[in-house]
Each structure stands twice: as structure tokens, then as C-alpha cells.
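What follows is one structure encoded as C-alpha cells, with my remarks underneath.
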Amino acid sequence: MTTTAIPTETQHVPATAPKRRPKREREGAAWVFLSPWVLGAIVLTLLPMAVSLYLSFTDYDLFNPPKWVGLRNYVQMFTEDPRYWRSVVTTVTYVVIAVPLQLALALVVALALKGMKHGKAFYRSAFYAPSLLGASMSIALVWRAVFNDGGTVDNLLGTGGWVNKPGWSLLAVALLTVWQFGAPMVIFLAGLQQIPAELYEAAAVDGAGKWRQFLSVTVPMLSPVLFFNLVLQTIQAFQVFTPAFAVSAGKGGPADSTLVYTMYLYDRGFVASHMGYASAMAWVLLLVIGVVTAVLFRTSRSWVFYASEGDR
Amino acid sequence: MPGHRTKGFCASAAALALCAVLAGCGGSGESAGGGKVVLRYTWWGNPDRAERTEQAVALFEKQHPDVDVTTSFSGYDAYKQKLATQAAGGDAPDVMQLDYRQIDQYASGGVLLDLAKQKAVLRTSEIDQGLLATGRVDDVQYAIPQGRGTETVAYDVGTWKKSGVPLPGKSWTWSQWADTMRALAKKTGKPGATDPGQSEDAFEVWLRGQGKALYTEDGGLGFTADDLTRWWTFTDKLRREGAVSPAEQTTQLDGSVENTPLGRGTSVTDANWDAPASGFLALVKGGVALAPMPSGEDGTPGQYFKPSMFVGVSANTAHPKEAAQLVDFLVNDRQAAKILGASRGIPVNETVRDEIGPQLKDFDKTIADFQASLEGKLKDPPQAPPAGDNALQSTFQRDYDQVSYARMSPREAAENYITEAKAELRS
Chain A
1 MTTTAIPTET
11 QHVPATAPKR
21 RPKREREGAA
31 WVFLSPWVLG
41 AIVLTLLPMA
51 VSLYLSFTDY
61 DLFNPPKWVG
71 LRNYVQMFTE
81 DPRYWRSVVT
91 TVTYVVIAVP
101 LQLALALVVA
111 LALKGMKHGK
121 AFYRSAFYAP
131 SLLGASMSIA
141 LVWRAVFNDG
151 GTVDNLLGTG
161 GWVNKPGWSL
171 LAVALLTVWQ
181 FGAPMVIFLA
191 GLQQIPAELY
201 EAAAVDGAGK
211 WRQFLSVTVP
221 MLSPVLFFNL
231 VLQTIQAFQV
241 FTPAFAVSAG
251 KGGPADSTLV
261 YTMYLYDRGF
271 VASHMGYASA
281 MAWVLLLVIG
291 VVTAVLFRTS
301 RSWVFYASEG
311 DR
Chain B
1 MPGHRTKGFC
11 ASAAALALCA
21 VLAGCGGSGE
31 SAGGGKVVLR
41 YTWWGNPDRA
51 ERTEQAVALF
61 EKQHPDVDVT
71 TSFSGYDAYK
81 QKLATQAAGG
91 DAPDVMQLDY
101 RQIDQYASGG
111 VLLDLAKQKA
121 VLRTSEIDQG
131 LLATGRVDDV
141 QYAIPQGRGT
151 ETVAYDVGTW
161 KKSGVPLPGK
171 SWTWSQWADT
181 MRALAKKTGK
191 PGATDPGQSE
201 DAFEVWLRGQ
211 GKALYTEDGG
221 LGFTADDLTR
231 WWTFTDKLRR
241 EGAVSPAEQT
251 TQLDGSVENT
261 PLGRGTSVTD
271 ANWDAPASGF
281 LALVKGGVAL
291 APMPSGEDGT
301 PGQYFKPSMF
311 VGVSANTAHP
321 KEAAQLVDFL
331 VNDRQAAKIL
341 GASRGIPVNE
351 TVRDEIGPQL
361 KDFDKTIADF
371 QASLEGKLKD
381 PPQAPPAGDN
391 ALQSTFQRDY
401 DQVSYARMSP
411 REAAENYITE
421 AKAELRS
């Protein structure tokens with residue numbers, strides 16, 4: 001039925017109309033297709049965010065209606081809560097350990113894979129697998145068992161369980177993240193394959209060895225990809241929750257050593273029933289991640305090299 | 001592009017239809033089960049309690065063929081978080097088990113049904129009036145205690161006997177207890193007890209033994225940083241001597257008997273509540289017996305009979321009558337009592353208690369005998385703790401972590417705790 005309608009429209013309607021109407025129709029169809037996502041974004045993301053912004057200025061214990069307290073949550077956070085600052089220090093430590101280690105490992109493995117002649121696809125999948133599994137609770141629980149008293153690591157190294165030692169527990173959490181280097185690795189690999197072979201050939205002709213080639217060709221050509229991975233992983237690392245939660249059995253312990261920011265947020269909200277305070281913490285985290293990302297972008301001007309800029 | 005449009009519209013129509021279907025699925029919750037009334041009933045506890053509760057619930061369903069009860073349970077820590085979230089979302093289970101510490105918060109938050117409204121099906125006449133009153137807030141009966149419990153030193157009988165250290169008697173003071181733990185550690189090569197420094201409950205027993213209390217009557221702190229410093233100095237010393245569990249083990253406590261040092265076979269005793277102590281039976285080969293908690297140096301007992309395992313009904317339940325029937329069944333039914341035994345403490349219904357008491361067997365009898373041995377010796381229980389206590393329990397354990405890992409002195413940690421507790425109780 002509709003198929004007959006279209007030709008008549010295109011044939012008889014004045015010249016300007018066909019251009020505009022199909023476009024509007026296409027937009028309409030686009031909105032229909034987008035509607036599940038848009039609805040989801042509004043109902044599941046934007047509305048809850050708005051509510052959490054409101055709650056961050058209230059005292060809300062889940063049971064009684066929220067009470068407006070202005071900036072009190074924020075003031076308390078910055079001036080009266082030593083545990084808050086401990087969680088900040090723990091999180092920054094975690095980011096500083098986990099992100100560089102993960103990226104370095106991803107790059108090394110990507111370089112190794114790039115040089116492989118056979119079985120590249122297999123190893124690429126094999127190294128990527130932990131990233132698919134790693135986000136799951138079950139792997140985090142296995143991780144806890146591996147690093148617990150009498151676990152694999154304890155038996156191999158005789159160090160005792162890392163998860164029960166305040167000096168070691170955060171490292172166990174960070175290693176779980178590092179182990180999931182698959183996503184940045186795949187991106188690095190794609191980036192490496194984009195680098196034109198003639199650059200290496202030219203460098204080799206000029207007498208550059210492997211190391212020199214890596215520093216002078218690979219690193220600058222790969223810097224946009226490196227930057228992309230750095231930003232992405234940093235943002236993710238600031239929000240780390242599942243590994244810390246599972247490895248510390250939900251407590252951020254021992255002695256608060258794995259109490260990362262989101263764990264403390266969870267503790268305030270769901271254990272102590274201070275949803276207002278937890279909301280305020282969430283908004284501060286959002287702002288901090290925004291600032292850190294902006295700083296990364298600012299510094300990127302001095303070290304990220306875009307090949308297309310070469311002409312300018 | 002004529003074809004384009006048709007496909008587009010078909011697809012979007014399909015997408016919309018799918019949305020409608022999905023939305024439709026969301027709304028049809030309550031009426032599942034072929035026209036039966038469906039009740040949700042949740043509790044916390046160990047597998048032993050779960051098994052007995054399932055049996056009792058099956059009996060209830062047999063007696064009420066039109067009611068279907070779906071149950072779920074978990075450990076206490078996970079339970080209280082999940083319940084709070086459900087309650088806040090207006091989705092509390094129809095029938096829920098509550099702790100003494102939760103009643104005040106849940107009642108004043110409007111989560112619980114006034115049980116007097118269901119008097120017709122929920123009998124309370126046979127329950128000890130003093131105990132029944134502990135489920136009232138502002139003179140409204142929001143919950144009914146299912147049992148009463150008290151704290152105990154559960155011990156591994158086999159290991160203790162083998163050590164040659166004399167078995168515990170009818171009472172001991174904290175310093176006698178400490179000496180015994182040192183002796184046990186020396187003879188058995190493993191710590192005598194779980195480090196009690198992490199436990200707010202044990203601290204309360206110690207405080208009460210000195211005539212003090214955790215909270216004042218108006219819900220403020222009943223002790224000072226000096227008191228807490230003395231307690232933590234006492235336990236810190238025992239830990240350093242190896243008489244109680246090391247930090248690495250103490251930090252793994254999560255409210256389940258499985259993760260206590262006694263449950264793991266790495267200590268000889270554990271201070272716990274008497275009903276959950278039944279869980280040790282499956283874990284400790286040498287058998288489990290119960291000794292009283294240590295008392296103050298002048299013999300003042302610190303432990304008390306605490307109304308335990310309240311059961312309440314959601315204010316939002318669609319089936320208040322059936323929910324109340326289930327509560328009545330759990331508290332008053334003779335056959336249910338036989339199945340449940342002392343898994344939630346000794347029954348509160350006096351007729352049931354007198355009737356069932358002599359028939360209790362195995363560990364239920366151990367608990368009943370233990371409570372009987374304390375009858376008339378203990379002081380009155382404290383009033384229901386203020387709402388903030390819920391969070392402070394874990395704060396207490398966390399701050400002691402700093403002491404047991406030697407990151408803070410007992411004094412520093414105690415002062416930290418007092419600051420946090422005051423902030424918690426203020427808000």
C-alpha cells in the first residue's frame with residue numbers, strides 16, 4: 001500500500017517539498033528507532049542523576065523523607081571526615097598503580113602479537129578473554145580465593161594471603177584490573193597496524209635499530225591511540241568498584257586498605273543509610289573525573305602527535 | 001527510496017510492539033501462581049535455620065492451600081542492606097525478619113504494618129508481655145519477637161579437653177577468661193578465642209559488667225574514649241600474646257559462623273549468640289558446648305537476654321490477613337515450633353515453650369539448658385539501640401582493624417570511633 005503512495009508523492013508534489021518531507025520523515029523514523037534508548041537514557045540515567053543531585057543537598061536515610069541541609073554534606077566530606085580522605089588517597093594510589101601497568105602490558109603484548117606470523121587471531125582472542133570475564137563478580141571471587149590464606153599465591157610464594165594484609169591487598173585488586181588488559185591491547189594492535197611500513201623501512205635505511213625505531217616511529221605514531229587508552233582507562237579506574245568489593249568481601253578492608261572511593265560511597269549509602277552523603281560523594285567524583293580528563297587533554301598537546309598535523 | 005520507508009515503518013512498529021510487550025511484562029507481578037495468594041518471606045540465618053524454616057513454611061502451605069510462600073535468606077550483613085533498599089523502594093517483603101536494632105528505624109519509616117489490625121488471626125495472648133513489648137514503638141505493635149537469645153562462649157569440646165586446661169565453669173571474670181585463653185593457646189598452639197576487640201557485642205558485655213552501657217537512655221553514647229581505650233588495650237595485648245586470633249583472621253569475620261576462626265578450625269572458642277552457634281556443629285568435629293560470657297571483676301554479669309529475630313509485616317502488603325496468619329503460625333503453632341526448635345532462640349510463646357521445652361533435643365536442648373542456667377542471674381536488657389547503631393556496628397569492627405593491624409594505638413582508634421559515633425548519632 002505504501003509503496004504506491006511514494007511515487008505519487010515524488011512525482012506530483014512541488015519541487016521543494018520532496019526534499020524537506022522525506023528528511024522530516026527520516027527524522028521521525030530515527031526518533032522511533034532511538035526511542036528505546038532515549039527513554040532509557042531519560043528514565044534510567046538523566047532522571048536518577050537529577051534526583052541524586054537533589055539528594056546530595058539533603059539528609060536522606062531511605063526511610064524518612066529527605067531533609068534539605070544545603071551544603072552540609074559537602075562541608076562534612078571535605079572538613080570532618082578523615083575516612084573520606086583515606087578513600088581518596090587509596091583511589092589515587094590504585095589509579096597510579098593500575099593504569100600505567102595495564103597500559104604497559106597491553107602495549108607489550110600488542111607489539112608481540114604484531115610481529116607474529118601464525119596464530120595471531122588465537123592469541124588475540126586468548127588475551128582478550130579476561131576483559132570479557134573480568135568484569136564479572138565470579139572472577140573477582142576467584143581472585144579473592146587465589147590471593148587468600150592458603151590460596152594459590154600463598155602456596156607458590158609463601159607470602160600468606162594478600163587479601164588479608166593491608167600492605168598487599170590493594171595490589172591484588174590492581175592486578176585484577178591489570179589482568180584485563182585485552183581492550184586496550186586490541187586498540188593498540190589496531191593502531192600498530194595503521195603505522196605505514198615505509199616509515200620503518202626509511203628509519204632502517206637511516207640506520208635506526210629496533211629500539212630507535214620504537215622510540216622514533218612507533219611511539220609518536222601511536223600516541224593518539226595511547227592517549228585514547230589512557231583517558232579511557234583512567235576514567236574507568238577512578239570508578240573501580242567490583243574488584244575492590246569482591247576482593248575485600250564487601251568491606252574495603254583489611255584496615256580500609258581497599259576502601260576505594262566508590263566502596264566508601266557504597267558504605268555510606270547502603271550500609272550506613274546516608275544516601276544524601278553518598279549522592280554528594282558521587283557528584284564530587286563526577287567533577288573530579290571531569291577535571292582529570294580535562295588536564296589529560298591539556299597535557300596531550302605536548303606529547304600526542306597526529307600524523308595529519310605534520311603538514312601544518 | 002520507496003522500499004526504505006516500508007521497511008522502516010515495519011521495523012519501528014515492531015520495535016514499538018516489543019516495547020509494549022516488555023512494559024506489559026513488568027506490570028503483572030503479583031498474581032502468579034494460578035490465582036493463589038503469593039507471600040514473600042525473608043530472613044537471615046545459617047543453612048540449618050534455612051532448612052527448618054523451609055520445612056515449617058511447607059507445613060503452613062499445606063494448612064493454607066490457597067497461599068504460596070516464596071522465601072529467601074542470606075547472611076545478616078547482606079540481608080540488612082538488601083532489606084533497607086527494598087523497603088526504601090516500597091518493595092519490602094510481605095513478611096520479614098527484623099533485628100532489635102532495626103525495629104525503630106523501620107517502624108518510624110512507615111515500613112511496618114500495625115499488627116493490632118490483624119488481631120483476629122494473630123494471637124499474642126500466650127507471649128510473655130515483657131518480651132512482646134520490645135516489638136512496640138510508640139505503643140504500636142509493629143513486630144513480634146520470635147525468640148530470645150543471649151551471648152555465649154561456644155567452644156570446641158574435643159580440643160579443649162585434649163589440652164588439659166580445666167573446662168569452663170558456671171561463671172568467670174574477664175581476667176580469668178584471659179588467663180584461660182592464654183593457657184589454651186599455650187597448650188594447643190592455636191589462639192584460644194576470636195579477638196573480641198572487633199565485636200561491639202562483646203564490648204557491650206564488658207561495659208555492662210562494669211555497670212555501664214553502650215547507649216544512654218536518650219540515645220547518646222554511654223561510654224567514653226577512656227573506656228574504649230581500656231577495652232582495646234586489653235584485647236590488643238591478648239592478640240600480641242597470641243591468646244586471641246591474629247588480625248588476618250579477625251578481619252575475615254562477616255557474621256557467618258563459617259568465617260569465624262572456630263569455624264575454620266583455627267581457634268578453640270568463639271563468642272557468639274547462642275542460636276547461631278548451632279552452625280558450629282557441622283564445622284567442629286570435636287563437638288560444641290556453651291559457656292557463659294565473662295563477667296565484671298566483681299562478678300557483675302554483662303550478658304543479657306535479648307529479644308531476637310523479630311518478625312514484622314510490610315505496611316504495603318497486598319495480603320495483610322495471610323501475612324498475619326504466617327506470623328501467627330511461626331510464633332504460635334505447636335507443630336511449627338517442633339520443626340523450628342531453638343533455631344531462632346527459645347520460643348516466646350509460653351505454652352509452646354512449656355510443651356516443647358522437654359522435647360527439645362540435640363543442640364536445641366544445649367541452648368535451652370544454657371539459658372536455663374542463666375535464668376534469674378542476668379540484668380535487664382538495654383532498651384532498643386538508636387537507629388545509628390546499625391552503621392556503628394561495622395564502624396566498630398573497622399576501627400579495631402586499625403588496632404589489630406598495628407596501624408593505630410588503641411587510644412587513637414578509640415578517639416576516632418567516638419568522633420564517628422557522635423556524628424552518626426547526631427544525624
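Heads up: the protein sequence lines correspond to chains A and B, in order. For the record, in the first sequence the residue sitting at position 137 is 137 according to the UniProt record's numbering, with numbers rising by one throughout. For the record, in the second sequence the residue sitting at position 107 is 107 according to the UniProt record's numbering, with numbers rising by one throughout. Ideal placement from N, C-alpha and C gives every residue a C-beta, glycine not left out.
{"Item": "For Val108 (chain A), decide whether its Cβ has a neighbour in chain B, counting only Cβ atoms nearer than 8 Å.", "Value": "no"}
{"Item": "How many Å lie between Val75 (chain A) and Ala278 (chain A) at the Cα?", "Value": "13 Å"}
{"Item": "Residues in its own chain within less than 8 Å of Ala368 (chain B) by CB, not counting five upstream and five downstream?", "Value": "Ala342, Ile346, Gly357 and Leu360"}
{"Item": "Output the distance between the C-alpha atoms of Gly287 (chain B) and Phe370 (chain B), rounded to the nearest integer angstrom.", "Value": "16 Å"}
{"Item": "Based on the DSSP output, what are the partners of Ala271 (chain B) in its beta bridges?", "Value": "B:Val153"}
{"Item": "Name the chain A residues that come within less than 9 Å of Gly109 (chain B), Cβ to Cβ?", "Value": "Asp61, Leu62, Phe63 and Asn64"}
{"Item": "By a C-beta neighbour count over all protein chains shown, 10 Å radius and 16 as the cutoff for buried, is Val304 (chain A) buried or exposed?", "Value": "buried"}
{"Item": "Any Cβ of chain B within less than 8 Å of the Cβ of Asp154 (chain A)?", "Value": "no"}
{"Item": "Please confirm whether Ala249 (chain A) has its beta-carbon closer than 8 Å to some beta-carbon of chain B.", "Value": "yes"}
{"Item": "Starting from the beta carbon of Glu248 (chain B), find every residue of chain A whose beta carbon is closer than 8 Å, and list them in chain order.", "Value": "Asp149, Gly160, Gly161, Asn164, Lys165 and Pro254"}
{"Item": "Quick one: Cα of Ala140 (chain A) to Cα of Leu115 (chain B), how far?", "Value": "43 Å"}
{"Item": "Just list the residues that DSSP pairs Ile144 (chain B) with in beta bridges.", "Value": "B:Val311"}
{"Item": "From the DSSP output, read off the bridge partner residues of Leu34 (chain A).", "Value": "DSSP output for Leu34 (chain A) lists no bridge partner at all."}
{"Item": "Is the beta carbon of Gly197 (chain B) less than 8 Å from the beta carbon of Tyr417 (chain B)?", "Value": "no"}
{"Item": "Can you name the residues that DSSP bridges to Phe73 (chain B)?", "Value": "B:Trp43"}
{"Item": "Can the beta-carbon of Val292 (chain A) be found less than 8 Å from the beta-carbon of Thr242 (chain A)?", "Value": "no"}
{"Item": "Run down chain A in chain order and give the residues with a C-beta less than 8 Å from the C-beta of Asp195 (chain B).", "Value": "In chain order: nothing, as chain A lies at least about 13 Å away."}
{"Item": "Do you know whose CA, among B:Ala423, B:Trp172, B:Arg334 and B:Arg344, lies nearest Glu126 (chain B)'s CA?", "Value": "B:Arg334"}
{"Item": "Out of B:Gly388, B:Gly376 and B:Phe234, which one is the CA nearest neighbour of Val403 (chain B)?", "Value": "B:Phe234"}
{"Item": "Strictly by DSSP, which residues pair up with Lys306 (chain B)?", "Value": "B:Gly149"}
{"Item": "May I ask you to verify whether the stretch 281-301 of chain B touches the stretch 164-172 of chain B, counting CB pairs closer than 8 Å and requiring at least 3?", "Value": "yes"}
{"Item": "Of all the beta strand (DSSP E) runs that stay within the bounds of the stretch 174-262 of chain A, which reach a length of 3 or more residues?", "Value": "none"}
{"Item": "When the cut-off is 8 Å and only beta carbons count, does Ser273 (chain A) lie next to chain B?", "Value": "yes"}
{"Item": "Is Val13 (chain A) close to chain B? Criterion is C-beta to C-beta, closer than 8 Å.", "Value": "With a pLDDT of only 47 at Val13 (chain A), under the threshold of 50, the placement of this residue in the model should not be trusted; the figure read from the coordinates follows. Judged by the 8 Å Cβ criterion, Val13 (chain A) is not in contact with chain B."}
{"Item": "Quick one: using the 10 Å Cβ neighbour count with 16 as the cut-off for buried, is Asn155 (chain A) buried or exposed?", "Value": "exposed"}
{"Item": "If you check the beta carbons only, do Leu237 (chain A) and Val95 (chain A) fall under 8 Å apart?", "Value": "Sequence check: residue 237 (chain A) is Ala here, not Leu. Yes; because the gap between Cβ atoms is below 8 Å, this pair is in contact."}
{"Item": "Could you give the uninterrupted runs of the alpha helix (DSSP H) lying entirely in the stretch 178-261 of chain B, keeping only those of 4 residues or more?", "Value": "200-208, 225-241 and 247-250"}
{"Item": "When you compare the CB of Phe181 (chain A) with every CB in chain B, is at least one pair closer than 8 Å?", "Value": "no"}
{"Item": "Chain A partners of Tyr106 (chain B), CB-CB under 9 Å?", "Value": "Phe63"}
{"Item": "Since I believe Gly90 (chain B) is in contact with Asn316 (chain B) (beta carbons under 8 Å), could you give me their beta-carbon distance rounded to a whole number of angstroms?", "Value": "6 Å"}
{"Item": "Pull the bridge partners of Ala289 (chain B) from the DSSP assignment, please.", "Value": "B:Tyr155"}
{"Item": "Within 8 Å (strictly less), CB to CB, does Phe78 (chain A) reach chain B?", "Value": "no"}
{"Item": "To the nearest whole angstrom, what separates the beta carbons of Asn332 (chain B) and Val311 (chain B), a pair I think is in contact under 8 Å?", "Value": "The pair is not a contact, with the Cβ atoms about 12 Å apart (cut-off 8 Å)."}
{"Item": "Sorted by chain position, which residues of the same chain lie with C-beta nearer than 7 Å to Ala185 (chain B)'s C-beta, five sequence neighbours on each side aside?", "Value": "Pro191, Gly192, Gly242 and Ala243"}
{"Item": "Please state the DSSP three-state secondary structure of Lys67 (chain A).", "Value": "strand"}
{"Item": "For Pro382 (chain B), collect the residues of the same chain with a Cβ closer than 6 Å to its Cβ; drop the 5 residues on either side in sequence, then sort them by chain order.", "Value": "Ala213"}
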